[in-house]
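See structure below.
As C-alpha cells, then:
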C-alpha cells in the first residue's frame, strides 16, 4: 500500500516553517508560483493545494458541504462501516481525539465512507451512535463512487474498490488535518497510538497559528 508521506516527501511538495520557538506545521500538496498585483506592483506569491468544494449526505440525510467547515480546523479520514481490518482501530483512536475536543468550536471531524453501495445514511447513523458520537461535530458522509474516491485523491489518501481484499475495499488509515484555508497540514496513521498522540500535539501547534 502506498504511503502518503513517501509520496509527498519524494515529490518534494511540502513546505515547513519554523522561526525560533514559533513552530509551524508543514503544508502538504502541490504548490505553484502565481502573480499577484499588490499596490500596483506585480509580486510572486505561492498557491497551495487545497481541498475543493464538496457535497455529501451525512448520517442524518442532511447535505454537508465544504461550507460547513469554513473557519474551522478539521480532521478527515476514509473508512467503511463493515471494514474488517484497520477501520475499527482507526475510528476508536479518532474517537479519543473527538472526546478530547468535544464541544470545541475550533475543530470538526469528517469521516467519508468509501462503500458507496452499502453505507446509506441510516447505516452511518447506527455506526455513529455505536461509536459514541453524540453531536454534529463529527460528520459521517457518503456519496457517489466518483465523488468519494475523487475527494480521497484531494486529501492525498489512497482508496479503491478491490474484491481481492477483505471487505472489498482497500484504503489508507490516515487522519488528515485540514486548516481553515482548506490546506492539508498533517497526516497520521490512525492505527498507531503514537501517531495519534503526535496528531494531538500538532493540533495544539495549529491552534496557535490562529490566535
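In mature numbering (1 follows the signal peptide of the UniProt record, and there is no 0), the protein residues as written are -19 to -1, 1 to 192.
All C-beta atoms, glycine included, are put in the ideal place defined by N, C-alpha and C.
CB-CB under 6 Å to residue i, same chain, minus the five flanking residues each way: which ones, in chain order?
| i | result |
| --- | --- |
| residue 91 | 55, 57 and 120 |
| residue 132 | 35 |
| residue 20 | none |
Taking 7 Å as the limit between beta carbons, can you name the residues of its chain near residue i, skipping five residues before and five after?
| i | result |
| --- | --- |
| residue 6 | 166, 167, 183, 186 and 187 |
| residue 106 | 40 and 41 |
| residue 125 | 97 |
| residue 72 | 60 and 112 |
| residue 14 | 25 and 27 |
Count the other C-beta atoms from every protein chain shown that fall within 10 angstroms of the C-beta of residue i, then say buried if there are 16 or more, exposed otherwise.
| i | result |
| --- | --- |
| residue 9 | buried |
| residue 78 | buried |
| residue 74 | buried |
| residue 39 | buried |
| residue 46 | exposed |
| residue 99 | exposed |
| residue 170 | buried |
| residue -13 | Only weak support exists for where residue -13 lies, its pLDDT of 41 falling under 50; the coordinates are left without a value. |
| residue 115 | exposed |
| residue 136 | buried |
| residue 30 | buried |
Could you have a look at residue i and say whether DSSP puts it in helix, strand or coil?
| i | result |
| --- | --- |
| residue 155 | strand |
| residue 175 | helix |
| residue -14 | With a pLDDT of 35 at residue -14, under the threshold of 50, the modelled position of that residue is not reliable, and no figure is offered here. |
| residue 148 | helix |
| residue 67 | coil |
| residue 116 | coil |
| residue 139 | coil |
| residue 128 | helix |
State the beta-bridge partners of residue i as determined by DSSP.
| i | result |
| --- | --- |
| residue 45 | 37 |
| residue 258 | Here the chain has residues from -19 to 192 only, and residue 258 is not among them. |
| residue 82 | Answer is none; residue 82 lacks a bridge partner. |
| residue 76 | Bridge partners of residue 76: none, in fact. |
| residue 169 | 156 |
Spatial neighbours of residue i within its chain, please: CB distance less than 8 Å, with the 5 preceding and 5 following residues excluded, ordered by chain position.
| i | result |
| --- | --- |
| residue 52 | 161 |
Regarding residue i and the ligand HEM, is the C-beta to nearest heavy atom distance less than 7 Å?
| i | result |
| --- | --- |
| residue 179 | Among the components modelled here there is no ligand, and therefore nothing to report on the ligand HEM. |
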